[in-house]
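Notes to accompany the following structure.
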Amino acid sequence: DTGVSQDPRHKITKRGQNVTFRCDPISEHNRLYWYRQTLGQGPEFLTYFQNEAQLEKSRLLSDRFSAERPKGSFSTLEIQRTEQGDSAMYLCASMTGDGYTFGSGTRLTVV
Amino acid sequence: QQPVQSPQAVILREGEDAVINCSSSKALYSVHWYRQKHGEAPVFLMILLKGGEQKGHDKISASFNEKKQQSSLYLTASQLSYSGTYFCGTDSGAGSYQLTFGKGTKLSVIP
Chain A
75 DTGVSQDPRH KITKRGQNVT FRCDPISEHN RLYWYRQTLG QGPEFLTYFQ
125 NEAQLEKSRL LSDRFSAERP KGSFSTLEIQ RTEQGDSAMY LCASMTGDGY
175 TFGSGTRLTV V
Chain B
62 QQPVQSPQAV ILREGEDAVI NCSSSKALYS VHWYRQKHGE APVFLMILLK
112 GGEQKGHDKI SASFNEKKQQ SSLYLTASQL SYSGTYFCGT DSGAGSYQLT
162 FGKGTKLSVI P
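Respectively, the protein sequence lines represent chains A and B. The numbering of the first sequence is this note's numbering, which starts it at 75 and goes up by one. The numbering of the second sequence is this note's numbering, which starts it at 62 and goes up by one.
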């Protein structure tokens, strides 16, 4: 059990570019979540997968955001046409039964 | 709706006790507590379920008042390692275990 892995750890991108983040959850965890956290705030829910099915998506998530979890293993979160307001820490978490295990996050800076 | 945490910040000397409160305007199924140190991912502390018992381990415990939709985290005989930001995450019981996090309580323990 190596925990939840996220890649990359940091990403700096120019406004208007597309970015993709990857999350590898703990292998036996069938629930996977994406959250976004900005400075001084708690994590904010983005989307949730159970196995390969995306079961919930926040109404705050614009059409520029898309997430996948092919074969119920790793997950990717893509942001198209990034905006400065997308700058945040993107956290992935997996869960089975008890609380979340979070990854270290991907810090996105849009310049 | 986002739960309200109080206090926003607290400074303790080693060995002192603290209570962090979390209050929601919605009926809750469970409350999660996490601690996040600067630059790191949130770490799960404990979960309190509706109808469940007060939980605790070591010198950290928590309670959940379902009728008042409130939870409190108790830290006794604080240690330097307790420093960090504490978040409560509330689950309204829709089955997804999607959490709504408060803004956090910053706890600083000084020698």
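Just so you know, even glycine gets a beta-carbon here, dropped at the ideal spot from N, CA and C. None of these values were measured; they are calculated from a predicted model.
| Check | Outcome |
| --- | --- |
| Which of helix, strand or coil does DSSP assign to K164 (chain B)? | coil |
| Measure from the C-beta of I148 (chain B) to each C-beta in chain A and report whether the shortest distance is under 7 Å. | The amino acid occupying residue 148 (chain B) in the given sequence is Phe; Ile does not appear at that position. Yes, contact with chain A. |
| Mind listing, in chain order, the continuous beta strand (DSSP E) runs of no fewer than 3 residues lying wholly within the region 117-185 of chain A? | 118-124, 127-131, 139-142, 149-153, 162-169, 180-184 |
| Determine the DSSP secondary structure at Y90 (chain B), reduced to helix, strand or coil. | coil |
| Is the beta carbon of A141 (chain A) closer than 7 Å to that of L129 (chain A)? | no |
| If you follow the beta strand (DSSP E) that N104 (chain A) is in, where does it begin and where does it stop? | No beta strand (DSSP E) contains N104 (chain A), which DSSP labels as neither H nor E. |
| Below 8 Å on the Cβ atoms is my guess for T175 (chain A) versus Y164 (chain A); work out the distance and round it to an integer in Å. | Not confirmed; about 16 Å, so no contact. |
| If you run the structure through DSSP and keep just helix, strand and coil, what is S142 (chain B)? | helix |
| Does DSSP put I100 (chain A) in a helix, in a strand, or in coil? | coil |
| Under 7 Å between the Cβ atoms of A102 (chain B) and K167 (chain B)? | no |
| For P121 (chain B), which residues in the same chain have their Cβ closer than 6 Å to its Cβ, ignoring the five residues on either side in sequence? | Checking the sequence shown, residue 121 (chain B) turns out to be Ile, not Pro. L136, listed in sequence order. |
| Give a yes or no on whether 7 Å exceeds the smallest Cβ distance from G112 (chain B) to chain A. | no |
| Answer with buried or exposed for P64 (chain B), where buried requires no fewer than 16 other C-beta atoms within 10 angstroms of its C-beta. | buried |
| Check the Cβ of I108 (chain B) against every Cβ in chain A and list those closer than 8 Å, keeping chain order. | D172, G173 |
| Going by DSSP, name the residue or residues bridged to K85 (chain A). | A:L182 |
| Counting pairs of Cβ atoms below 8 Å between the region 84-104 of chain A and the region 133-147 of chain B, do you hit three or more? | no |
| T76 (chain A) by DSSP, collapsed to three states: which one? | coil |
| Considering only DSSP beta bridges, list what N82 (chain B) is partnered with. | B:S67, B:S133 |
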